[in-house]
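K.L.:
Chains as they are written, first to last, in full-length UniProt numbering: chain A, 1 to 198; chain B, 1 to 198. Where a beta carbon is used, it is the ideal one built from N, C-alpha and C, also for glycine. Sharing a structure with you now.
Protein chains: 2
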Amino acid sequence: MFSPRFEQLVQALRTLPSVGPKSAQRMALHLVMKNREGAFQLAHALHEAATYIQSCHVCHSLSEDEICEICASPRRDDTVLCVVESPADVMAIEQSAGFNGKYYVLGGHLSPLDGIGPEEIGIPALIQRLKQGQVQEVILATNATIEGQATAHYILEACKTLPVSMTRIAQGVPQGGELEYVDSHTLSQALHHRMQLK
Amino acid sequence: MFSPRFEQLVQALRTLPSVGPKSAQRMALHLVMKNREGAFQLAHALHEAATYIQSCHVCHSLSEDEICEICASPRRDDTVLCVVESPADVMAIEQSAGFNGKYYVLGGHLSPLDGIGPEEIGIPALIQRLKQGQVQEVILATNATIEGQATAHYILEACKTLPVSMTRIAQGVPQGGELEYVDSHTLSQALHHRMQLK
Ligand SMILES: [Zn+2]
Ligand SMILES: [Zn+2]
């Protein structure tokens, strides 16, 4: 259609998550016909991001420097370490603005069938870090999925002998959640982990 | 979040049609974490398309050359000219594979309140082309919207004295459309324009 370069643009847009052939075509037409300046800007932003964004050497989150802003910040609490599966989780927690400690990004969860063991998600390095003694509490904030639970459980066992407090993010009914629409597994967990009020 | 370049990428992705803040963030994370090669390819494709794709000098559709493949093709019928609103319509008709004539892209429809008159959508140039005498039939394939209908009607009037057959794409019940779900305006049009079978 039209030109090889148009076709290449449609194909390249299709590699974006949840962009099908129709929306890729609509995006390409929009950029070429109505927002050519936007096309150049997006090209530049992609090139810059793909060139300069790396993994933080300390927490494995995303950063433009060897050490990310959070790890480098003297205003963040060094004694509390939140362990998450991915940089997207760091982003979500930061946007919720309820946490002032530091992070450790595993980059996935344990998945023996895919050959992803403790080594692949940086658990030995996490234990090394805990042995340095600065961290007093580890918050296990892996996903509330079967894999995330298993990964949290593995870390808990691996840190058994370390003098560090280990906690897990609360699981229960989401804010605003109406009980009749909450799935039964969540509901039974919420009952089991009920909180003492008085 | 993370880095200025990540933030710039999220902002640039948001200029794409129907991409909100959440999906822009998801796309940026996907590109940076899982498909950096794809990020470079998309950057390249955007830059190439925005640099080299232009309007065909004859039909005003999209092309990498001064004259597009369809206009330049000796195998396409020069005597039938299909008038559409946008290159997206050319694409849709070509994908339906039922047309072997040539196109004329208006680049919009008449919209007096927005200052878009006949000149702005190339109607005088269309009439000039028809006066050359090669075209025997003009198919008015503007949208079946109020504006598209008005634009088709204007062209019909403007070409009244030219020795050219003027047709309008059929309007009616879409293929597979169940009558009870078709809107009443479409249904009344479909009845009014009923076809003689026998
Ligand atoms: Zn870091
Ligand atoms: Zn052309």
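Is it the case that the Cβ atoms of F2/B and S73/A are separated by a distance below 9 Å?
P.N.:
Here residue 2/B refers to the residue found at position 2 of the second sequence. Here residue 73/A refers to the residue found at position 73 of the first sequence. The answer is no: Cβ separation not under 9 Å.
K.L.:
Compare the C-beta of T15/A against all C-beta atoms of chain B and say whether one is closer than 9 Å.
P.N.:
Here residue 15/A corresponds to residue number 15 of the first sequence, with the count starting at 1. With 9 Å as the cut-off, T15/A counts as an interface residue toward chain B.
K.L.:
Cutting at 8 Å between CB atoms, please list the residues of its own chain near Q11/B, excluding the five before and the five after it.
P.N.:
The count along the second sequence starts at 1 and reaches residue 11/B at position 11. Same-chain partners within the cutoff: A24.
K.L.:
Please decide whether A49/B counts as near chain A, where near means a Cβ-Cβ distance under 9 Å.
P.N.:
Your numbering for residue 49/B matches position 49 in the second sequence. Chain A contact via Cβ: present.
K.L.:
When the cut-off is 9 Å and only beta carbons count, does M195/A lie next to chain B?
P.N.:
Here residue 195/A is taken as the residue at index 195 of the first sequence, counted from 1. M195/A does not count as touching chain B.
K.L.:
Using the beta carbon as the reference atom, which residues fall closer than 7 Å to any heavy atom of ligand 2, ordered along the chain?
P.N.:
The answer, residue by residue, is C56/B, V58/B, C59/B, S61/B, S63/B, I67/B, C68/B, I70/B, C71/B, Y103/B.
K.L.:
DSSP beta-bridge partners for K102/A?
P.N.:
Taking the first sequence and counting its residues from 1, the one referred to as residue 102/A is at position 102. K102/A pairs with L81/A.
K.L.:
Can you check whether the C-beta of Q25/A is within less than 9 Å of a C-beta belonging to chain B?
P.N.:
Here residue 25/A refers to the residue found at position 25 of the first sequence. Interface residue, yes.
K.L.:
Counting only Cβ pairs nearer than 9 Å, list the residues of chain B close to S61/A.
P.N.:
Position 61 of the first sequence holds residue 61/A. Near S61/A (Cβ distances below 9 Å), the residues of chain B are F2.
K.L.:
Using a beta-carbon distance cut-off of less than 9 Å, what residues from the UniProt domain "Toprim" (79-174) of chain B approach chain A?
P.N.:
Cβ contacts with chain A: S86, P87, A88, V90, M91, E94, Q95, G107.
K.L.:
From V14/A to R26/B, what distance separates their C-alpha atoms?
P.N.:
Along the first sequence, read from residue 1 onward, the residue named residue 14/A stands at position 14. Along the second sequence, read from residue 1 onward, the residue named residue 26/B stands at position 26. The sequence shown places Arg at residue 14/A, rather than the Val named in the question. Cα to Cα, R14/A sits roughly 14 Å from R26/B.
K.L.:
Measure the Cβ-Cβ separation of A141/B and V83/B and say whether it is below 9 Å.
P.N.:
On the second sequence, residue 141/B is found 141 positions in, with the first residue counted as 1. On the second sequence, residue 83/B is found 83 positions in, with the first residue counted as 1. Closer than 9 Å, so yes.
K.L.:
Within this structure, are the beta carbons of G107/B and G122/B separated by less than 9 Å?
P.N.:
By 1-based counting over the second sequence, the position of residue 107/B is 107. By 1-based counting over the second sequence, the position of residue 122/B is 122. In this structure, G122/B lies closer than 9 Å to G107/B by Cβ.
K.L.:
Does H57/A get closer than 9 Å to chain B when you measure Cβ to Cβ?
P.N.:
Within the first sequence, the letter at position 57 stands for residue 57/A. So, not an interface residue.
K.L.:
Compare the C-beta of C68/B against all C-beta atoms of chain A and say whether one is closer than 9 Å.
P.N.:
Working through the second sequence from its first residue, we reach residue 68/B at position 68. So yes, C68/B belongs to the interface.
K.L.:
Residues of the stretch 28-40 of chain B with a CB closer than 8 Å to any CB of chain A: list them in chain order, please.
P.N.:
Those residues of the stretch 28-40 of chain B that come within reach of chain A (Cβ to Cβ, closer than 8 Å) are A28, L29, H30, L31, V32, M33, N35, R36, G38, A39, F40.
K.L.:
Strictly by DSSP, which residues pair up with I116/B?
P.N.:
Against the second sequence, residue 116/B aligns to sequence position 116. In the DSSP output, where bridge partners are listed per residue, I116/B has S111/B.
K.L.:
Determine, using beta carbons only, whether A72/B comes closer than 9 Å to chain A.
P.N.:
Translated into the one-based positions of the second sequence, residue 72/B becomes position 72. For A72/B, the answer is no, since every Cβ of chain A falls outside 9 Å of its Cβ.
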